[in-house]
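In what follows, a single structure is set out as structure tokens and then discussed.
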Amino acid sequence: MCGIVGYIGERQAQPILLNCLQKLEYRGYDSCGIAVSQSNIQVYKDIIRIKEMEKALPKIEGMAGVGHTRWATHGGPSKANAHPHCDCTGKIAVVHNGVITNYHKLRQQLVSEGHNFSSQTDSEVIPHLVEKYFDGDLEKAIYLALRDVEGSYAIIILAAGEHRLIAARKDSPLIIGIGDRENFIASDVPAVLDYTSRVIYLEDGDTAVIAKDNIKVKSNGTGVDRKEHKILWSVEDAQKAGYEHFMLKEIHEQPKVIRDTLSEYISAGAPAANLMTPGDTLEDWLILACGTSYHAALIGKYIIEELVRIPVRVELASEFNYWGQTSAKTRAIVITQSGETADAIRAIKRLKEKGCQLITITNVVDSTASRLTDQVVYTRAGLEISVPATKSFMAQLIALYWLVLPYARIDNRRKDSLITELRQLPGKVQQVLDNEAVIAEYGRELSKYENAFFIGRGINFPLSLEGALKLKEISYIHAEGYAAGELKHGPFALLSGDTPVIAIAAQDNTYEAMLTNIKEVKARQSPVMALIVEGDDVGRDLADWAIAVPEVHPIFSPLINVVALQLLAYYTAKHRGCPIDFPRNLAKSVTVE
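One point on numbering: in our numbering, the residue at position 8 of the sequence shown is 1225, and numbering is uninterrupted.
Next up, the structure:
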């Protein structure tokens, strides 16, 4: 769950590595470091931010180097545990993303052979293994070292005196950026956008030897040609465009995201994917995801069951990988923003082994998930930098609606009406954004508390989970999402004047029940902030604070309500002075289990 970069070319490596690492800050990290080589290797690393490291760094000469931002897994944040890691001779430096599951056994063996370790990390075994096998042939030594390693990795190896970098991947993403007499390696595309839009995606089992004017890729020891891709994201996409935070920029991009994602499929005049085929004998419908994507999956369940009249189960990919049951008669949908989420990738591989029919919804073209699946539905959210997912969640929901609507078991008149309303949603979302100043003031009120509950019913119940997640991850307020009817089954014990409740009062068949729940909350002295439809005077009168949103068909209400909850979380965190784009302990792409 870290960022790794490498550079080799005709320019000084140090400033390029630092710039590339800054572009990966959104992935989250607790320490960082670089190593630069000419005739020897110089390493600088610490538990500091990249900007601080840039000021502290002495000038390190060299036109080849590697860099790393670490999110601690094995061993806490410390200078010793930060990457890059070196062998005993100091002539081999490695940056690594992933988890070496047999590192303890390897470490014990290496120590018995005389190797000295300076960190608690699993990653440090890699340079020592390369040193162990090195007899003058670096590629061979790396091949033998990786043969011993179990687990996941994306690695870049820098060796003193070598005019090349060597990279390898297994279950962790790694790309090569192609320049003019210079080449780049990184764990994600944004790292190299300042220098090139031409990339190669390495695949599992690939090893690449990268010189300044040459790239050679082998798959399990055999030379292969990997397709070059043109990245359509621009450098401007990775900038804040005048907004204070990436999160706020990305919230405001959602009307465009809806238009872009819809136009991708509506203009094609065909379903986003083959959700069903004539004579289907499928016995099981399954949606898998993690984090915010899991909340989109829960809404997807409501959409499919309401429109297609097919029961659907939704599971966390991280749990399914250990306990979930499936068969060849399962139709599975996997949702992953990055297409590299470790638990989602593992689930996809397991589903394929079972012979399941598989659809993946992802935001990244040619990501691992998109290459493994039977069918891909691409969301058109564009580059999302902020760790809290906003516009990618919106795009996932739009993709789910368009995936399902062509198969809806409703009359054509109603179907056409829903499609028309779907097209009108960008304007409705913009109306919520235009109410930003009011929501910002409510964020100021919410920022005074340390605990909060979110409640919803029906298709908006998953939004109570998403609203609570957004609030807790960026404001550090303890928040819980509940189905409104469940409060009386325990959580009522926590209600008091110090525990605000954010209630999503949608105008659907759950509305009267939600009003009763709000009254129950008020009777226990908790202040209520209600998300209501414009013109709902009853809901407004019951609440201490009311956020009014435009009226839409109830099945589309999550698309409107989520924007208000995102803004509420954003302004709550802002009033508390929190680092909104980079919450503590979190990473954008979760590439380890």
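We put the beta carbon where it would ideally sit given N, CA and C, even for glycine.
Compare the C-alpha of residue i against each of the options and name the closest.
{"i": "Gly1660", "options": "Gly1794, Ser1681, Arg1674", "result": "Gly1794"}
{"i": "Gln1592", "options": "Gln1574, Gln1613, Leu1533, Arg1631", "result": "Gln1574"}
{"i": "Pro1643", "options": "Ile1221, Pro1472, Met1611", "result": "Pro1472"}
{"i": "Gln1231", "options": "Arg1415, Ser1254, Glu1242", "result": "Ser1254"}
{"i": "Pro1605", "options": "Ile1221, Val1780, Val1342", "result": "Val1780"}
{"i": "Ala1376", "options": "Ala1362, Leu1355, Ile1392", "result": "Leu1355"}
{"i": "Gly1675", "options": "Val1646, Ala1730, Pro1390", "result": "Ala1730"}
{"i": "Lys1262", "options": "Ser1336, Asn1734, Arg1324, Gln1326", "result": "Ser1336"}
{"i": "Pro1294", "options": "Cys1249, Asn1333, Val1260", "result": "Cys1249"}
{"i": "Lys1569", "options": "Leu1776, Lys1429, Ser1555, Ser1587", "result": "Ser1587"}
Mapping the DSSP letters down to three states, classify residue i as helix, strand or coil.
{"i": "Arg1415", "result": "strand"}
{"i": "Tyr1595", "result": "strand"}
{"i": "Glu1746", "result": "Inspection of the sequence shows that residue 1746 is occupied by Met rather than by Glu. Reduced to three states, the DSSP call for Met1746 is strand."}
{"i": "Lys1466", "result": "helix"}
{"i": "Val1347", "result": "helix"}
{"i": "Phe1670", "result": "strand"}
{"i": "Cys1219", "result": "coil"}
{"i": "Leu1568", "result": "helix"}
{"i": "Gly1660", "result": "helix"}
{"i": "Lys1397", "result": "It should be pointed out that residue 1397 corresponds to Asp in this sequence rather than to Lys. DSSP places Asp1397 in coil when its eight states are reduced to three."}
{"i": "Thr1577", "result": "strand"}
{"i": "His1770", "result": "coil"}
{"i": "Tyr1224", "result": "strand"}
{"i": "Leu1449", "result": "coil"}
{"i": "Pro1683", "result": "Reading the sequence as shown, one finds Glu at residue 1683 and not Pro. Looking at Glu1683 - three-state DSSP - the assignment turns out to be helix."}
{"i": "Ala1506", "result": "strand"}
{"i": "Gly1714", "result": "coil"}
{"i": "Ile1527", "result": "coil"}
{"i": "Ser1436", "result": "strand"}
{"i": "Ser1295", "result": "coil"}
{"i": "Thr1637", "result": "helix"}
{"i": "Asp1423", "result": "strand"}
{"i": "Glu1697", "result": "strand"}
{"i": "Leu1241", "result": "coil"}
{"i": "Val1755", "result": "helix"}
{"i": "Asp1263", "result": "strand"}
{"i": "Leu1803", "result": "coil"}
{"i": "Ala1765", "result": "strand"}
Based on the DSSP secondary-structure assignment, which residues constitute the bridge partners of residue i?
{"i": "Trp1288", "result": "In the DSSP output, where bridge partners are listed per residue, Trp1288 has none listed."}
{"i": "Ser1254", "result": "Ile1258, Ala1281"}
{"i": "Asp1388", "result": "Tyr1370"}
{"i": "Thr1547", "result": "Asp1501"}
{"i": "Thr1553", "result": "Thr1579"}
{"i": "Val1474", "result": "The partner list for Val1474 (beta bridge, DSSP) is empty, contrary to what the question assumes."}
{"i": "Ile1735", "result": "Answer by DSSP bridge pairing: none, since Ile1735 is not bridged."}
{"i": "Glu1532", "result": "Leu1505"}
{"i": "Asn1431", "result": "Ala1428"}
{"i": "Cys1249", "result": "Asp1263, Thr1286"}
Using the C-alpha atoms, what's the distance from residue j back to residue i?
{"i": "Asn1400", "j": "Val1406", "result": "13 angstroms"}
{"i": "Glu1367", "j": "Lys1308", "result": "24 angstroms"}
{"i": "Asn1824", "j": "Asp1442", "result": "This structure does not reach residue 1824, given that the chain is present from 1218 up to 1810, and the question cannot be answered."}
{"i": "Asn1652", "j": "His1469", "result": "12 angstroms"}
{"i": "Tyr1693", "j": "Tyr1787", "result": "11 angstroms"}
{"i": "Lys1349", "j": "Tyr1360", "result": "12 angstroms"}
{"i": "Val1581", "j": "Val1738", "result": "42 angstroms"}
{"i": "Val1409", "j": "Gly1394", "result": "6 angstroms"}
{"i": "Thr1607", "j": "Val1328", "result": "47 angstroms"}
{"i": "Tyr1246", "j": "Ala1299", "result": "10 angstroms"}
{"i": "Ala1720", "j": "Glu1703", "result": "13 angstroms"}
{"i": "Arg1567", "j": "Ala1685", "result": "31 angstroms"}
{"i": "Leu1784", "j": "Tyr1511", "result": "20 angstroms"}
{"i": "Ile1265", "j": "Lys1387", "result": "28 angstroms"}
{"i": "Tyr1418", "j": "Asp1754", "result": "55 angstroms"}
{"i": "Glu1768", "j": "Val1745", "result": "21 angstroms"}
{"i": "Leu1711", "j": "Ile1267", "result": "41 angstroms"}
{"i": "Asn1431", "j": "Leu1391", "result": "17 angstroms"}
{"i": "Gln1542", "j": "Thr1577", "result": "19 angstroms"}
{"i": "Glu1690", "j": "Glu1461", "result": "18 angstroms"}
{"i": "Gly1438", "j": "Leu1533", "result": "36 angstroms"}
{"i": "Phe1537", "j": "Leu1505", "result": "8 angstroms"}
{"i": "Gly1296", "j": "Ile1427", "result": "Correcting the residue type first, residue 1296 is Lys in the shown sequence and not Gly. Whole-angstrom Cα-Cα distance: 29 angstroms."}
{"i": "His1345", "j": "Asp1411", "result": "34 angstroms"}
My guess is that residue i and residue j are in contact by the Cβ rule of under 8 angstroms, so how many angstroms apart are they, rounded?
{"i": "Leu1382", "j": "Ile1225", "result": "5 angstroms"}
{"i": "Met1280", "j": "Arg1228", "result": "7 angstroms"}
{"i": "Val1316", "j": "Thr1290", "result": "6 angstroms"}
{"i": "Val1529", "j": "Lys1518", "result": "4 angstroms"}
{"i": "His1446", "j": "Val1416", "result": "5 angstroms"}
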